[in-house]
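Chains as they are written, first to last, in this note's numbering: chain G, 15 to 345; chain R, 15 to 345.
Structure, as structure tokens:
There are 2 protein chains.
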Amino acid sequence: MDTLELAEKVERGDRRALARAVTLVESGRADHRAEAVTVLERLAKTGRQALRIGLSGTPGVGKSTFIEAFGMMLIARGLRVAVLAVDPSSARSGGSILGDKTRMDRLSREAGAFIRPSPSQTHLGGVARRTRDAVALCEAAGFDVVLIETVGVGQSETVVAEMADMFVLLLAPAGGDELQGVKRGIMEMADLILVNKADGDLKTSASRTCADYAGALRLLRKRPQDPEGFPKAMMVSAAQETGLTEAWAEIEALIGWRRENGHWQGRRAEQARFWFQEDVRQALLAQLQTPDARARMRALGDAVARGEMPPGRAAQDMLADLRAVSASSGK
Amino acid sequence: MDTLELAEKVERGDRRALARAVTLVESGRADHRAEAVTVLERLAKTGRQALRIGLSGTPGVGKSTFIEAFGMMLIARGLRVAVLAVDPSSARSGGSILGDKTRMDRLSREAGAFIRPSPSQTHLGGVARRTRDAVALCEAAGFDVVLIETVGVGQSETVVAEMADMFVLLLAPAGGDELQGVKRGIMEMADLILVNKADGDLKTSASRTCADYAGALRLLRKRPQDPEGFPKAMMVSAAQETGLTEAWAEIEALIGWRRENGHWQGRRAEQARFWFQEDVRQALLAQLQTPDARARMRALGDAVARGEMPPGRAAQDMLADLRAVSASSGK
Ligand SMILES: Nc1nc2c(ncn2[C@@H]2O[C@H](COP(=O)(O)OP(=O)(O)OP(=O)(O)O)[C@@H](O)[C@H]2O)c(=O)[nH]1
Ligand SMILES: Nc1nc2c(ncn2[C@@H]2O[C@H](COP(=O)(O)OP(=O)(O)OP(=O)(O)O)[C@@H](O)[C@H]2O)c(=O)[nH]1
Ligand SMILES: [Mg+2]
Ligand SMILES: [Mg+2]
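Structure below.
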């Protein structure tokens, strides 16, 4: 199948073609990369835009359970839902996140759903580009909502927030001084905090946790992109499927306001600029990842470590090498 | 003065020549950079090595006061002391750190001391390289101890630890739940924690804080580069000049052990390799900092933000441009 045909099938919403296109954007091969750019460029012309929701939370907070329940609720409303993941640990685990498709048993069997695990990659920069491209493919394929999941361990939330229209933080009910557990930086990124597991015995502590966070959010500086009352903290139970329609109503209200007030397009524009810059930086650094460059870096690094060469001189040698390679390859 | 003469004067310990050489390594100009590399390479042959001590602490904890008192104590022992700074905020403030030479009034008038404020730079990568080069110059000039100060606000501690033989964290006595204030990552970098201001009314709380941190340090995983009892927490008073000789004794014990057990050289070797790699990365990214490249990045970024071009395509255009420039410049 050539790239034109692939792009057309994706545009018609063909899920197998979409899966194939995602594989293409995930590939590290240069020819695949060139094809991917062509496909993405064709599909950019569709002008379709989904609602991109970033979702994060610590392990066990209930992300998978929530996505299953929330996704099914959206499907019931006639919306098409794609689920992607940015897994900061995939370098080690080989892409474990969303490997638990079993936890999204119902959703994965829906015709209106597309679930894709995180690509295994060695660094977050690479995962970020691939996920972002996958988001663009899902949009072109006509999905209405794209959920981008990440485990909350630091840097990956920022990456997800940089490619989403809004950021949802999932929390668990807590006993003691739970506010300590969430980094201020992460809280400042959140548009909506959902305290999950607000059911059974946990309901009381969920309610307290929710009130604590609502209070903490009020202390944050007001951002221009927030309507009155946002960011907001709410309770949900992914297991009991309660609070989900209320959460969706808040999301719609927030996004509606942002669209009307120019913040939605403004954010997308700045994100596109950011990713362009990031692509350029990553590509410049990628020169160091060829087998030859790695071998040379290792050899020079050894000489530096043995004290035979100052770091600055070795760096100059390495850069001269890279220039010679790029000159002789005629690029 | 040519580079040879400059290098010779630095090697003889001439402080004015040293100041000039530091200015050279701080310069952004390409010809200065080339001269700096030549000077550094010449001076690397001296094989001199100072004890490099990284020092960090939040604003107001007493870093300047401590450096003055500690430095004077070292001077009294016949040691030559250089003080450098890595200021993460210098992009904004234009290099405020150690601008308070007045706080180091006595030390700055000593013939055996050299104090240099942080260079004003736009990014930490650049500051890091310049400070590291300045450290090498101070070593070649025969200083025995090089103190590298930074305000503790996150990333800059890591940079300082990466260029020091050991890392000292300065803390203030605290009322309540102070342990919360120090990031776990920062504590894990510390070889020695000094609770400052252990004098007057503050002595009791200093003692409690010190015990708290000693306890916390015991909970950390043992590192191969630590002798029995390290990392360690101690009390000092920079104002009253108490605890300083004790702190120096611990530093000497730690460094002596590391030297004997190969950790000192091992750490230096790995640091040199790290800085070589970092130099290469920074140089690759520096291509984006020429006026032409910045203008082109801005124009392409605008097109991307307006939605006229996908980020990936714009990145390819930019990279093609950079290749054309480097090909035509014959480099
Ligand atoms: N009581 C209760 N339990 C829940 C709820 N949501 C999830 N759980 C339980 O919490 C556990 C973890 O749920 P997951 O959905 O796998 O959590 P996760 O955030 O995806 O975890 P990782 O994939 O490991 O990061 C499971 O045992 C779920 O059954 C809820 O709303 N209420
Ligand atoms: N009581 C007491 N006060 C001290 C001590 N050391 C410093 N101070 C006081 O603490 C204040 C801050 O001291 P500095 O040395 O300027 O602190 P710093 O960490 O350099 O601060 P920045 O440069 O702003 O990051 C001053 O008022 C000092 O006089 C000490 O050992 N005991
Ligand atoms: Mg999960
Ligand atoms: Mg100071």
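Idealized CB from N, CA, C, for every residue including glycine.
Quantities reported herein were computed from a predicted structural model and do not represent experimental measurements.
Item: Lysine 23 of chain G in three-state terms, based on DSSP; Value: helix
Item: Contact set between the region 34-62 of chain G and chain R, restricted to residues whose Cβ is under 7 Å from the partner; Value: Val51, Leu54, Glu55, Ala58
Item: Arginine 66 of chain G to arginine 232 of chain G span [Cα, whole Å]; Value: 25 Å
Item: Completely contained alpha helix (DSSP H) runs for the region 258-300 of chain G, where each covers 4 or more residues; Value: 258-274, 277-300
Item: Burial state of methionine 332 of chain G (16 or more Cβ within 10 Å); Value: buried
Item: Cβ pair count under 8 Å reaching 3, the region 176-183 of chain R against the region 216-225 of chain R; Value: no
Item: Distance between glutamate 49 of chain G and valine 14 of chain G (C-alpha atoms, nearest Å); Value: This structure cannot settle anything about residue 14 of chain G, because the visible part of chain G is limited to 15 through 345.
Item: Neighbourhood of arginine 29 of chain R by C-beta distance below 7 Å, restricted to the same chain and skipping five residues each side; Value: Phe128
Item: Short CB-CB distance (under 9 Å) between phenylalanine 181 of chain G and chain R; Value: no
Item: Quiz: which residues have CB nearer than 5 Å to ligand 4 non-hydrogen atoms; Value: R:Lys77, R:Ser78
Item: At least 3 beta-carbon pairs within less than 8 Å: the region 239-254 of chain G vs the region 281-296 of chain R; Value: no
Item: Anticipated Cβ contact below 8 Å, arginine 235 of chain R with aspartate 158 of chain R, distance rounded; Value: Going by Cβ atoms, the distance from arginine 235 of chain R to aspartate 158 of chain R rounds to 32 Å, so no, they are not a contact pair.
Item: Ligand 3 heavy atom lying under 8 Å from the CB of arginine 117 of chain G; Value: yes
Item: Any chain G beta carbon closer than 9 Å to glutamate 25 of chain R; Value: no
Item: Within-9 Å CB hit, tryptophan 289 of chain R to chain G; Value: yes
Item: Every unbroken alpha helix (DSSP H) within the region 160-231 of chain R, with a cutoff of 4 residues, ordered by chain; Value: 169-175, 198-203
Item: Alpha-carbon spacing of threonine 2 of chain R relative to valine 209 of chain R, whole angstroms; Value: In this structure chain R extends from 15 to 345, so residue 2 of chain R is not present and cannot be described.
Item: Interface residues of the region 256-286 of chain G facing chain R [CB-CB below 7 Å]; Value: Ala283, Glu284, Ala286
Item: Same chain only: Cβ atoms within 8 Å of arginine 308 of chain G, ignoring 5 sequence neighbours per side; Value: Leu302
Item: Counterpart residues of alanine 313 of chain G in DSSP-defined beta bridges; Value: DSSP, once it has assigned bridges, lists no residue as partnering alanine 313 of chain G.
Item: Of the listed residues G:Leu336, G:Ala329, G:Ser340, G:Ala33, nearest to alanine 334 of chain R (C-alpha basis); Value: G:Ser340
Item: Which residues DSSP lists as bridging glutamate 244 of chain R, in chain order; Value: The sequence given here has phenylalanine at residue 244 of chain R, not glutamate. Beta-bridge pairing links phenylalanine 244 of chain R to no other residue.
Item: beta-carbon phenylalanine 80 of chain R near ligand 2 non-hydrogen atom, thresh 8 Å; Value: yes
Item: Within chain R, the residues that proline 238 of chain G reaches when beta carbons sit closer than 9 Å; Value: Under the 9 Å cutoff, chain R gives no residues; its nearest Cβ is about 18 Å from proline 238 of chain G.
Item: Short CB-CB distance (under 9 Å) between glycine 326 of chain G and chain R; Value: yes
Item: Rounded separation between proline 73 of chain R and glutamate 260 of chain R - CA only; Value: 24 Å
Item: Contact list for aspartate 293 of chain G against chain R, beta-carbon separation under 7 Å; Value: Pro325, Gly326, Ala329
Item: Straight-line gap, glycine 71 of chain G to isoleucine 162 of chain G (C-alpha atoms, nearest Å); Value: 12 Å
Item: Proximity test, aspartate 213 of chain G beta-carbon vs ligand 1 heavy atom, cut-off 8 Å; Value: yes
Item: Glycine 109 of chain G to alanine 44 of chain R span [Cα, whole Å]; Value: For glycine 109 of chain G, the predicted model reports a pLDDT of 40, less than 50, meaning its position is unreliable; a value from the coordinates is still stated below. If you take the alpha carbons of glycine 109 of chain G and alanine 44 of chain R, they lie about 44 Å apart.
Item: Spatial distance of methionine 311 of chain R from alanine 300 of chain G (CA atoms); Value: 19 Å
Item: Glycine 68 of chain G - containing beta strand (DSSP E), residue span; Value: 65-71
Item: Interface residues of chain A facing valine 141 of chain G [CB-CB closer than 9 Å]; Value: Absent from the structure is chain A; the protein chains it does hold are G and R.
Item: Neighbourhood of alanine 148 of chain G by C-beta distance below 7 Å, restricted to the same chain and skipping five residues each side; Value: Val36, Val39, Leu98, Arg130
Item: Any non-hydrogen atom of ligand 5 within 8 Å of asparagine 210 of chain G CB; Value: In the structure shown, ligand 5 is absent; the only ligands present are ligand 1, ligand 2, ligand 3 and ligand 4.
Item: Cβ-heavy atom distance, alanine 247 of chain R to ligand 2, below 8 Å; Value: no
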